Each structure stands twice: as structure tokens, then as C-alpha cells.
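What follows is a single structure, written as C-alpha cells, with notes after it.
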Amino acid sequence: MSLKNKLNRLKPHISGGAAVINNNTPPESARVEIPFLPKWESENVTPYFLDQDYCLIREIKYPLAQKHGHYHFHDFLTAVDIWNKQPISHPLSAEGHRADELFFFDTETTGLGGGVGNTIFLLGYASVIGENLVLRQHILPHPGAEVPLYQSFLEKVNYKTLVTYNGKSFDWPQVKTRHTLVRNHVPKLPAFGHFDLFHAARRLWKHKLDRLKLAVVEKEVLGIERQDDIPGYLAPMIYFDFIESKQPDGMLGIIKHNEIDILSLVTLYTHLTFQLCGMDNNQTRKESFEVGRWYASLGEKDEAAKVLTKLVEGSDFTSLQAKLTLAYQSKKEQNWEISLPLFLEVADAGNDTLSQEACIEAAKIYEHKIKDYELALDYCLKALEIVGETKAPMQKIQQQLETRKKRLEGKFAKFPR
Amino acid sequence: MKLKKNLQEILADLKINDSFKENIVTWKTLEAKEAQTVSLPDNLHMALRESLKSKGIEKLYTHQKTAYENIMAGNSIVAVTPTASGKTLCYNLPVLQSILSNPNARSLYMFPTKALAQDQKSEINEIIQAAGININSYTYDGDTPANIRQKVRKAGHVVITNPDMLHSAILPHHTKWVSLFENLKFVVIDELHTYRGVFGSHVANVIRRLKRICRYYGSNPVFICTSATIANPLELAENLTEEKMVLIDNNGAPSGTKHFLFYNPPIVNKPLNIRRSATLEVRKIAGELLKNKIQTIVFARSRVRVEIILTYLQELVKNQLGPKSIMGYRGGYLPTERRKIEKGLRSGDIYGVVSTNALELGVDIGQLQVCIMTGYPGTISSAWQQAGRAGRRHGEALVIMVASSSPLDQYIIQNPEYFFSKSPETARINPDNLIILIDHMKCAAFELPFKAGEQFGEVGTEELLEYLTEERILYQNGDKWFWMNDSFPAHNISLRSASQENVIIVDQSDVANVKVIGEMDRFSAMTLLHDEAIYLHQGTQFQVEKLDWDEKKAFVREVDVDYFTDANLAVQLKVLEEDKLKKMEYAEIGYGDVSVRAMATIFKKIKFETHDNIGSGPIHLPEEELHTSAAWISLNKSFSEMGHERLEQGLVGTAHALNHIAPLFVMADPQDIHVIPQVKADHNEKPTIFFYDRYPGGIGLSEKIHSGLSVVFSETKKMIDNCKCQTGCPSCIGTDTVGETAKSDTLKIIEAFLNPSN
């Protein structure tokens, strides 16, 4: 039984003494003791105090000349520059932003799904400050210390746009959820722009990567090798262990993992920019095509045409894909003179589904625009032939083609050439 | 000759028609009741007045007004309302009025099923539209498209959902619902009586969590419950919500004269005491009514029964009325289909509806002239609910209950006074069942950290929190306990199933379309889902091809066979703790914790109709143990004159009969409570009958039986006495007993339990 407790119980009996022991809180200096502080400090981690509690903040500066994967960090400045100089409208465009307004953001959590109880125990981000890339990681030393965690985080972040990997559907909603629980004690969450690189990675590399986890993209695309990395799915277990033992060792592994994730975001954004703006000399034809197709789907016709036209030369599958995409784009503009020859080239090139698609499109143009029912019927029959040979069930297309064929036969009989 | 008869003429006919008359066991006439109305509340918003007026409502029934006044005064209420008494106005009116005076006010409506939620959305939207007011009401369930979920969360004045959705989608994501929880004024719980047993105990805990979240966001909603007639609506509502409630039962809705007939089909096989099939009798009676274009609803207990009766009836009247004039109505119908049926009934295009008990819940199909029940629906309150479907506000109505051969049906039909005079069943819940409670404490901790001294329902939390901390699910820091686990607890907890580790039933009849059709708790699965078992699902027969006990999966295939399987379960029951013990001269009655160890041994194949044993096989499953609560009664008398074997037979027969009657008194599914006999109980070496809860930890059923043991025994005796068989039959003491004396021995034993002087 401590003296303090005893005094508290005896309080009513102590005359005039109440004021002295009224304050239950111990004096300032002794109030928070941080286990293993020297160890933390040797890892660039310092405590941040607020009221009775604290969180930990790690800060590391990287010179911009540092290389991470295939790029140096200063290449990121070039990337921002490129966007600002080119009049291309794209969801990842940093136009109107300075490099130091972007912050690369990633979290570590105690669970893998959503829900209020999934606690964020690490908020990490990096941004360019002066001649350095500065990485900061705010660490929750124990459950319940979220007020200092979010207070310190919100004091530091005055950026315009988040750059994340799948942060739109996971990290940021989870930040909002956990922030709601402490919203009466900390500043509001600012409104951010948001570049989610996961979607970009999926567009560009789905054709060659089975899984699009950041670690896979790093290894296969960005040239980043992780050494002794702790896989992310172990993060909850390691954190639970940390709050029991307070030993920093396991946590330092997770912190390192998070750090590499964030640095890779810088490299990934740089690489994506170079890909999208045609600055990467090592870009494969397939990657080029995906870039062109992305522009086409965004309605950036000129940009799409520029990228795809370069791919038209050649006889590989990609050149056919490029021609078909270009043909569709011209079709949308009702420019039959350009679209028809492209469709025909693809239609005559082979016997695969790509050609079958092109045959149908060619048949449509011949039937409705040029009113050449014989040629229309020719391509319709070719499409049917291809459908008949494919193994995959295509009943719906086959039916539509049969209908078309019937109609064309009728028209051809009525209006022979 | 007149072509068609009206209901009065048919009633007159029935009274003199010999072939019908002799099967009528009871004819009870319930007198008509006038409407009791009062004026609309003075302060009711003009728009709502207009809206009601456009629906032809210029006055309220007394119970609607009482509900309105209490709710507006801030009282939580439970309104007991028979079918078609306008219960929805009891809550819609005060809720809409409150939102009109405070557009920030929010309400949460909870219905037990998605279909009911859809119906109620249409109903409240009709009022809103007619009033021309700007109030948003939305359903929020598994079918709500992702793109409007955001809108429901932020701007829904009235959010209509179900307990499962509240449990697994709303509460664990409460930070997305801040505007709802900050402004929650009303929580409406419709069909209160469905929240009983395990399900009700779970839902009570979901409501504890809801109230906890409300407190966190600073709201304190009024609870509005509506219930069908049960014995203890106030108690149930207060147990479920842990709020002080006002009971509103001054029903002012009118009703016409109602004739309630009990019809027992004639015996066709005297020695086996088998009666004509209820289905065939219903076909005969309903066909007669429909031919005379009298609107009739037929209830049957399974989907298959519904289909059979529907086919019969459509065939019977297709020339006179056309097949579309009689419709089926099962669970799983889309709202549009239901609208079509309702409309058809109102316009008179549809004469007949054949339904499962899906219609028992408050779906509004209007009111018909005749209701026919194919068999006793299982509980008194269900029977009254179904009977409520017949009975216009004016004019006469007819309700016919056609009994099947089951012991329960025969008991009810031979004891009309029990049905008409006894108060309906008591609905029990036990929210503090440790297993259910601890599951919801996990969910609650996931939603918000626990603080020291915090209450969760009626119980203190300290010990439970310590336990969860030791289990490394929670983490204590200072005076708070935090969720520290990587799982999402609500996903592992189903409100509607008994225990957590259920056996999944996989239908592989269609190899290309293998699907899960149900689940069953492990304990029951041992006797119902063993290899080769015939499993009945919604009336369809399946054979279990393989029970994978490690993976907890039963693979079944649809079959059509003329037998069922019956497995023997060797049960060992041990009393762990006697909480209550009353010693009398002739017997002792106890209640406490028991351990039930069960092992399935063999199964028999039994032919339908004849009940011949046509084969058997072994069951290879490990022993299962269940810790639960039980009530028991032990006799001080040894029955030495009877001999060990006859005593055992007699006790088995007694247990069989009790097993059918006991659930009646606790408003439970027969699966939820088990009865087992012991010739020499382990703990006191006396002949003993145990009643135990099938759910681990108990849900209060055996406790209820403990308090009413003598009634259960005396009613069981009456049931056996009234059975016309000589030496025992499936309708009374079952077929496990053999020997000429089984029935008389059973009766002797029951008497001994009842009467100390014998």
C-alpha cells in the first residue's frame, strides 16, 4: 500500500490537508517513463509528450541523391516538373503542385480488415523538404495514446496531396475512423487530394504480374530488393507482442518495413510519371500500350493517339491491340475513313478474338455507313467462323452474329451491288 | 338452386353436415368487438393530418393514441397488438411528428427479416408522400447498393434494418454513422415476440452495444416495441432493452364475429392410432370454400406442404376460377410479388393463399374470411397470429385448425380449454448466458474500449475483462481495456445459430451448383446429420453422404425415400452444481449446472406410416460434452414392484411425452430443450427426469420448467390419458418402449411425480 493511497483514504480526517493531496497527478518530471528510451533514441526515435501521455516519432533524412531501386529521389523532382510542363490531363498529374506539397503515406494496423476496432499503430509519411527527403513515423506506444499520436501527426502535416498504395479504400478511411474516436481532442482532418498508385499499377502491370502487392511491384518493376523484410501480415502479432514486452526490437522491424513501403512510393510515383509521359526508354511495348489505352479511356485522344501510333508498326499482338484501340477512338469520333482501315487491318490479321471483334466492327461500318452489304456479310461470316473455332462459350455473340447475318442476307438480296 | 353459398350459409351447412360435424371437436364463437376510437392528437402536424385523411383515417384507435402520447412524453413502450390492428401507426406517427419538429432527429427501425423491412419502408413512405414532407427513410441491409449506403448513413431520418445488420455492419462501423448516433431519438423494435431464446439473447446483447454507442455519442433514444400476444410482453421488452417500459394493450381495433373450429381427422388405422392426413382434409375443406368464392388462407408448416396443397387446390378449382386465383406464399418472395398478391386479394382477383408461417409476421395482405391451419403451428401465439388473418372488421370469419397425428396436435385439439383460456406462451431470454455475453463483450470492446467499472447490461464487467485480457484479446492500459486482436469479432458470431462451431450442410445434388443450405449445432448434428441420415430440410428429404466431423461439414444429396432415420444417443448427465434444491417427502426438485456427455451409437431406418424398423447401422463419432443448466425431479419411491426393466421403460415413455409437452410451456423450439430419464441418477441414486437447455450455458428454458414442473407433468398425463391407443403409440409415449405395460407404467410413474400420497 503506497503512502499516497493511504493519504487519499484518510483525506476526510486530515484537517486542512486536502488541498495538498488534491492533485492526484505526480509531478511533471516523473509523469511519463518511456521504456527502453536509449534504444529508441539510437534509432532516431524521440518521444512527443501531450498531457499525461506520449507517442513516439521517428525522423530520418535522406539526401535527394540517394538511390532507391532504379531511381534517385531527385528524379521525383523531375517527375513533378514534367507534369507541370506538359499539358496532359491525367489523374496522377502533379500539375499545379510543387514537389514538397505531395506526401507519401502508409499506415500499419492491428487488423487486416476495416471496422472501428482496427487500430492504426503507425502513421508514416515522407516528403521533400529542402535538399532532403524527410521520412517521419508516428508510433502508438500503447493503446489509448491516440490523442498524442493524432495531435502530433496533424501538427506536422500541411501538405496538399496524399500519395498512397491502396490508401483510398484502406488507409485513409481507417485514419478517418480512428480520428473520429478522438475528434474532440485533436484538430480536424484536413481535406487532401489523393493519388492512389495501386490503381495505376494495376492498369500498367496487370498483364505481367499475378499479384499487385507493393512488394511484388517493387521487385518486378522498380528494382528494389528488400533485405530481412518482415512481411506486413505479421505486423499485428508483432505489435501485440511489443505492447506486452515494450521491447523495441520487433517494432523496429515493422518500422523498417513501413519505411521501405513509403520510399518505394516515391520511386513508384516517379516511375509511373516517366511511363505515362514517355520518358522511360526501357518501357516495353505492352506497357506503352496500357498507357495509351489508359489515355484513351480518359478521353485524352491526342495523348492516346501519340502513344498508340508508335506501336502500330510491327506485327505483334500489341500492335494489333494498339490499332484496335485507335480504331475505336476514331469510331467514337465518327471518323470512318480512319477507323475502317484500322479495323480491317486487325480483322485480316488473324483468327483470334481480337480479329473477331474487328470483323464485327468492320461489318457494322460496311452495313450502316458505307451500305456495302456484300462486304458486311463477308466480315460477318468471318466473325462467325472465328467464333465457331474458339473453345470458350460465346453464345451471346454467336446469336447476335446470326441475327446480323440473317439481316444482311436480306438486305443484300434486296439491294445487290 | 343457388349456385354459390356465402359464408353464413356455409357455416349453417357445416353444423348439420354429418361427415364434417363428427370431426369437429370444438366450435367456439368469439363475439364481435366494436372499434374504440379517439380524435387525432391536437398537436399533430397538419401535413400528417392531411396524409392520414387521404388514407381515410380521421380518428385513432385507443391504443394508437396511448402509444403516441407516451412516446411523445419520452416513455419507452411496448404495444401488444393483434394482427391488423394498425400497429405501424403506433410508431410511425410519433416518429414522423418528431422529425417534423426537429429535422435532425433520427430513428432506427429494426425488423427480424429483410422482407418485413421492405414492407415497412413502403408503408412509411406512403405516409411521407401523402404528407408531401421532406423525410428520408431507407432500408439498410445486405441488398443496399454501395453507392447509396453513404447517403443512408448521413441523411437517413429513418433507417430500417435488421438485427444481424446492426450487429455486423452498423455497430462495428459506428464512426461512419456519427450523424445517426448523435441524433438517435427512437429505436423501433417490431415483432418483439420473435426475439426469444438464443436469438433473443443475442439481440439483447446487440441492443446493449447499441445503447453503449448511443451513450458515447450523447444520445438516449426512446425504445418502441410492438409484439404479438404473448404472456409476458412487458417482461420481454424490459429484458431485451433494459429500459423501463410502459405496456400498451388497450387495443381499440374492431373485430367481427369469429368461429374457431378444432377439426380432428377420422382415425383410419385403429391399432396404430393413425388418422387421415391433415393435408387431405384441408384440401377437402378449402376446396369447398374456394368453389364458393370465399376468400381463404391456408397455413402449412413447410414449404413442401404449401406446394402440395397449392397444387391440389389449383387443380380442384381451375375450371371455375382459373389457376391464378390461388397463390402460394412462401418465405423468399420478392416484395413486388407480394404486392401483386396483396392487390389481387383486395381487388378480389385472388381467392386463396397458401402460406408457410412467413405470413405470421406483420406482412399486410389484408383480411380474409377464412383461415385454415394444417396442423397446430407449434405455439399458442402463432396460432392466434395465423387466426388473425381471417376476420374482417365487420362480418363473420371462420378459423379451422385441422390436427395432425403428432402428440402436440392431439394434445391441443383434445384440450380446447388449454388453448382458449391459457395465456399464451412466455418468451424467455437470457442475455447473461456467459457464452453469448462474452461474444458480445468482444464486439463491444472492438467498438469502444471498456472503462473500469463500466456495466454491460446487468452484469459487472471486471472479471470478464480480466478473462479476455488473459486470453490476449483485450489489452489493459490504465483503467481502460482495448481491443487488441487482428480479427473482426462480429463476423465470427451469428445471432441466429446456437453454438459457434456449427456443422455446415452442403447440398451437392447438383454437381455444378453445390450450395450451403443450412447449418446445425454440433450436438444435434450427431443424431441428425450422421452418415446415411435422412435429413429433412424445408420438407425436402436429403441423405447425408458424408459427415466430415473435423471440417464440420455434412454433404447431402436430395433423395426420395419412404423412411426416416432415428439415431440413438447415449447420454450421460452429471450434476455439477445444485443451485436450487427442494426436498419433499415424495420427491426432490433441483435446478443447477450439469454436464451432458453424449455419444451417438446406432441409427435405425424407420418406414413412414407403419413405423417398421427396416434397417440400422453404426455411427462413428466422438463423444461431445455440453455444459448447460438443467431442472430435474427425483422420486423417493423405488418402484421395486415394477422391476428395473419396466421402470426404465416407463421413464423412457415419460421422457418422450414430456419432450413434446415441455416446449409448449416455455415457448421454445422442441430442439431447444431435451428431456432424459435416469433410473438411478448419478448424484442421488434416485429415479430422475432431467430437462436441460440445448444451448451451452443455458438460456433460461429449464429454469422456467423448474418453476412450473407440476403443470408440465399434469398436462403430459392428460395427453397420454386422452390418447386412444392401448399400449403406447407415436402420438403419446413413443415407440422406443416395448411391452404391454409401457403405457400404464408410464402413467403410474407420472402420477408418482405428481401426487405424493400415491
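Sequence order for the protein chains is A and B. Counting the first sequence from 1 gives a position; the numbering used here is that position plus 174. Position 342, counted from 1, in the second sequence is what the numbering used here calls 323; the numbers after and before it change by one each time, with no gaps. The C-beta atom is built at its ideal place from N, Cα and C for all residues, glycine as well. As the structure is a prediction and not an experimental result, all values here were calculated from the model.
Cβ-based burial, residue i [other Cβ within 10 Å; buried from 16]
i: N432(A); result: buried
i: G624(B); result: exposed
i: L516(A); result: buried
i: Q421(A); result: exposed
i: Q436(B); result: exposed
i: I583(B); result: exposed
i: T577(A); result: exposed
i: G372(B); result: buried
i: A54(B); result: exposed
i: M465(B); result: buried
i: V263(B); result: buried
i: G199(B); result: exposed
i: F401(B); result: exposed
i: G359(B); result: buried
i: F344(A); result: buried
i: Y673(B); result: buried
i: A581(B); result: buried
i: V249(B); result: exposed
i: I108(B); result: buried
Amino acids of chain A, ordered along the chain, whose beta-carbon sits closer than 9 Å to that of residue i
i: N458(B); result: H316, P317, G318, A319 and I417
Cβ distance (whole Å) where residue i is taken to contact residue j below 8 Å
i: I670(B); j: I614(B); result: 6 Å
i: T355(B); j: V383(B); result: 6 Å
i: L557(B); j: G571(B); result: With 8 Å as the limit, L557(B) and G571(B) do not qualify as a contact, their Cβ atoms being about 12 Å apart.
i: T743(B); j: Y42(B); result: For chain B, the structure presents residues -18 to 739; residue 743(B) sits outside this window and is missing.
i: V133(B); j: V140(B); result: 6 Å
i: V59(B); j: L191(B); result: Going by Cβ atoms, the distance from V59(B) to L191(B) rounds to 17 Å, so no, they are not a contact pair.
i: N218(A); j: I234(A); result: 6 Å
i: K475(A); j: V486(A); result: With 8 Å as the limit, K475(A) and V486(A) do not qualify as a contact, their Cβ atoms being about 16 Å apart.
Interface residues of chain A facing residue i [CB-CB closer than 8 Å]
i: S468(B); result: G285
i: F463(B); result: T293, P317 and G318
i: R453(B); result: F414
Chain-ordered neighbours of residue i on chain B, where CB pairs are closer than 7 Å
i: V349(A); result: Correct list: empty, because the minimum Cβ distance to chain B is about 11 Å.
i: T354(A); result: T156 and V159
Contact set between residue i and chain B, taken where Cβ atoms lie within less than 8 Å
i: G488(A); result: Under the 8 Å cutoff, chain B gives no residues; its nearest Cβ is about 42 Å from G488(A).
Partners in chain B for residue i, counting only beta-carbon separations shorter than 9 Å
i: L498(A); result: Simply none; closest approach about 31 Å.
Under 7 Å by beta carbon: chain A residues contacting residue i
i: F788(B); result: Residue 788(B) lies beyond the residue range present for chain B, which begins at -18 and ends at 739; the question has no answer from this structure.
Next on the checklist: To test your reading of the DSSP string, which unbroken alpha helix (DSSP H) runs of 4 or more residues are found completely within the stretch 515 to 554 of chain A?
Outcome noted: Uninterrupted alpha helix (DSSP H) stretches at least 4 residues long and entirely within the stretch 515 to 554 of chain A occur at 527 to 539, given in chain order.
Item to check | Interface residues of the stretch 149 to 161 of chain B facing chain A [CB-CB below 9 Å] | outcome: Under the 9 Å Cβ criterion, the stretch 149 to 161 of chain B contributes L152, P153, H154, H155, T156, K157 and V159.
Checklist entry - Which runs of the alpha helix (DSSP H) fall wholly inside the stretch 158 to 226 of chain B and span at least 4 residues, in chain order? => result Counting whole runs of 4 or more residues, the stretch 158 to 226 of chain B contains the alpha helix (DSSP H) stretches 159 to 163, 178 to 198 and 214 to 222.
Item to check | Residues from the stretch 244 to 262 of chain B in contact with chain A, defined by Cβ distance under 9 Å | outcome: With the criterion set as a beta carbon lying under 9 Å from some beta carbon of chain A, the stretch 244 to 262 of chain B has no members that meet it.
Item to check | alpha helix (DSSP H) runs contained entirely in the stretch 412 to 446 of chain B, provided each spans 4 or more residues | outcome: Segments of the alpha helix (DSSP H) lying fully in the stretch 412 to 446 of chain B: 415 to 428.
Next on the checklist: Short of 9 Å Cβ to Cβ, which residues in the stretch 410 to 434 of chain A face chain B?
Outcome noted: Near chain B, meaning a CB-to-CB distance below 9 Å, the residues of the stretch 410 to 434 of chain A are P410, M411, Y413, F414, I417 and E418.
Checklist entry - Along the chain, which unbroken stretches of the beta strand (DSSP E) at least 3 residues long are found entirely within the stretch 253 to 282 of chain B? => result Qualifying beta strand (DSSP E) stretches, in chain order: 277 to 280.
Checklist entry - Whole alpha helix (DSSP H) runs in the stretch 271 to 357 of chain A with 4 or more residues, listed along the chain? => result You should have 320 to 330 and 346 to 355.
Checklist entry - For the stretch 666 to 694 of chain B, which segments carrying the beta strand (DSSP E) assignment without a break, of at least 3 residues, lie completely within its bounds, in sequence order? => result For the stretch 666 to 694 of chain B, whole beta strand (DSSP E) runs of length 3 or above, ordered along the chain, are 669 to 674.
Checklist entry - What residue ranges within the stretch 15 to 83 of chain B form continuous alpha helix (DSSP H) runs of no fewer than 4 residues, ordered along the chain? => result Listed in chain order, they are 27 to 35, 43 to 53 and 68 to 82.
Next on the checklist: For a minimum of 4 consecutive residues, which ranges assigned as the alpha helix (DSSP H) are wholly contained in the stretch 468 to 549 of chain B?
Outcome noted: Every alpha helix (DSSP H) stretch that sits fully inside the stretch 468 to 549 of chain B and reaches 4 residues is listed by chain position as 503 to 509.
Item to check | alpha helix (DSSP H) segments (min. 4 residues) lying fully within the stretch 704 to 735 of chain B | outcome: Counting whole runs of 4 or more residues, the stretch 704 to 735 of chain B contains the alpha helix (DSSP H) stretches 723 to 735.
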